[in-house]
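Scroll down for the structure; my scribbles are underneath it.
Residue numbers (the numbering used here): 15 to 395.
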């Protein structure tokens with residue numbers, strides 16, 4: 015018997031306006047218009063994404079810092095109130111259970127946002143580990159809708175919604191903000207490479223009234239963002255924008271057999287921390303002695319669109335396998351990421367991708383794949 019797909023508070027709106035697909039147990043919109051059009055909207059204007067399928071946990075209690083330091087790899091004690099950081103949660107062997115965003119909203123209160131696919135696993139893991147601490151782990155996902163607002167004009171839209179300059183809220187912060195009459199947390203983070211925020215819309219339970227409130231907020235973003243070229247965006251452009259930025263995705267670049275060092279996300283890991291987190295020794299060993307694989311990026315120089323699990327060849331021999339791939343609307347060519355042994359290739363080297371039996375040349379390239387002076391949160395033009 016098939017398990018029914020889960021739905022977010024915005025499902026009714028998506029059903030009317032978008033193309034819905036199954037996604038890690040959820041029924042989510044893959045697009046509302048055209049994936050390429052939505053992608054370019056995020057790069058040139060502002061796009062909004064429903065991310066309410068992600069798990070949102072409140073961590074509270076006197077031992078919350080020590081608890082979180084045990085189960086995540088970044089330095090929780092250095093996180094100021096209203097600050098946020100990217101981190102990972104590891105198993106005892108240093109493999110990644112999940113990557114996450116952690117926000118500190120009080121001295122002993124945090125919000126943990128984790129991937130939809132890993133929600134049940136992370137919930138069970140944290141419940142078990144919390145037994146050793148004076149801490150409470152509360153799942154508020156069904157009462158808090160989550161919407162990402164991303165693009166070079168995202169802050170213009172957010173400023174209009176708030177009624178003051180959203181630039182006052184620095185990147186990697188999470189602040190309680192009244193937005194168009196709604197109580198929210200504005201998290202100045204995102205998953206597209208662009209500027210913007212992720213909004214936690216409070217008091218949106220999975221009831222008829224709660225769903226109406228969530229949809230009204232979504233429609234308010236579209237209404238007030240019309241002058242900035244806002245568009246609703248689906249899973250397709252969310253994946254293509256994160257890939258252009260060189261961001262990892264669980265189940266592709268990340269899994270329980272891959273450490274953060276192998277995934278090349280060192281900013282998620284700190285070593286001068288107490289207590290040590292699960293997997294600390296393995297991650298330290300990978301840092302000091304090296305690991306068996308490392309993540310690379312590449313751009314196709316011959317026609318072809320790479321996907322996951324395609325062989326990567328160098329000098330005629332297979333050295334690894336792709337983890338993600340697609341067509342970049344900005345580059346106008348195929349591109350992707352994958353794993354190879356360390357010190358096998360360098361940026362600029364020519365490799366080959368076996369695309370369903372067709373061998374096509376590609377060039378090793380660091381991410382982001384776009385020009386960061388023209389696109390992304392660091393753009394200067």
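A virtual CB, placed ideally from N, CA and C, is assigned to each residue, including glycine.
Being a predicted model, the structure only gives us computed values, none of them experimental.
Alpha helix (DSSP H) segment containing residue 381, residue limits: Taken as a continuous stretch (DSSP letters only), residue 381 belongs to no alpha helix (DSSP H), as it is neither H nor E.
Where the beta strand (DSSP E) containing residue 365 begins and where it ends: 364-369
Touch test, the region 255-267 against the region 74-86, Cβ-Cβ under 8 Å, three pairs minimum: no
Alpha carbon of residue 163 to alpha carbon of residue 233, nearest angstrom: 13 Å
Separation of residue 327 from residue 4, as counted between CA atoms: In this structure the chain extends from 15 to 395, so residue 4 is not present and cannot be described.
Stretch-stretch touch, CB-based, cutoff 8 Å, three pairs: the region 240-249 with the region 178-187: no
Runs of 4 residues minimum, wholly inside the region 200-242: which ones carry the alpha helix (DSSP H) assignment? 222-238
In whole angstroms, what separates the C-alpha of residue 395 from that of residue 142? 49 Å
Proximity to residue 254 [Cα-Cα], best of 45, 16, 235: 45
Tell me where the beta strand (DSSP E) around residue 61 begins and ends. 60-64
Please report how far the alpha carbon of residue 317 lies from the alpha carbon of residue 231, in whole angstroms. 43 Å
Contact set for residue 216: own chain, Cβ-Cβ below 8 Å, skip 5 residues either direction: 157, 158, 196, 197, 198, 199
C-alpha distance - residue 223 paired with residue 73, whole-angstrom precision: 27 Å
Can at least three beta-carbon pairs, one atom from the region 46-66 and one from the region 164-174, be found at a separation below 8 Å? yes
Quick check: what's the CA-CA separation for residue 383 versus residue 101? 23 Å
Hey, how far is the Cα of residue 110 from the Cα of residue 357? 23 Å
Measure the alpha-carbon distance for residue 331 versus residue 58 and round it to whole angstroms. 40 Å
So, at 8 Å on beta carbons, what are the nonlocal neighbours of residue 4 in its own chain, with the 5 sequence-adjacent residues on each side left out? Nothing in the structure corresponds to residue 4, since the chain is present only between 15 and 395.
According to DSSP, simplified to helix, strand and coil, what is residue 56? helix
From which residue to which residue does the alpha helix (DSSP H) around residue 245 run? Per DSSP, residue 245 belongs to no alpha helix (DSSP H); it is in the beta strand (DSSP E), 244-247.
Taking buried to mean at least 16 other C-beta atoms within 10 Å of its own C-beta, is residue 276 buried or exposed? buried
Strand pairing of residue 334, partner residues [DSSP]: 326
Where residue 108 and residue 267 are concerned, what is the direct C-alpha to C-alpha distance, given to the nearest angstrom? 15 Å
Would you say residue 209 and residue 391 are within 7 Å of each other, going by their C-beta atoms? yes
Rounded to whole angstroms, how far is the Cβ of residue 245 from the Cβ of residue 52, which I believe are closer than 8 Å? 6 Å
Rounded distance between the beta-carbons of residue 346 and residue 314, thought under 8 Å: Actually they do not touch by this definition, with Cβ atoms about 10 Å apart.
Exposed or buried, what is residue 376 when buried is set at 16 or more other beta-carbons lying within 10 Å of its beta-carbon? buried
Is the beta carbon of residue 363 less than 7 Å from the beta carbon of residue 324? no
Return the chain-ordered list of same chain residues with a C-beta closer than 8 Å to the C-beta of residue 300, the five sequence neighbours on each side being excluded. 108, 273, 275, 276
Look at the alpha carbon of residue 333 and the alpha carbon of residue 303, and state the distance between them as a whole number of angstroms. 20 Å
Candidates 120, 361, 54, of which the one nearest residue 94 by Cα: 120
Pair within 7 Å by beta-carbon distance, residue 335 and residue 350: no
Terminal residues of the beta strand (DSSP E) in which residue 192 lies: 188-193
Whose C-alpha, out of 271, 288, 289, is nearest the C-alpha of residue 307? 271
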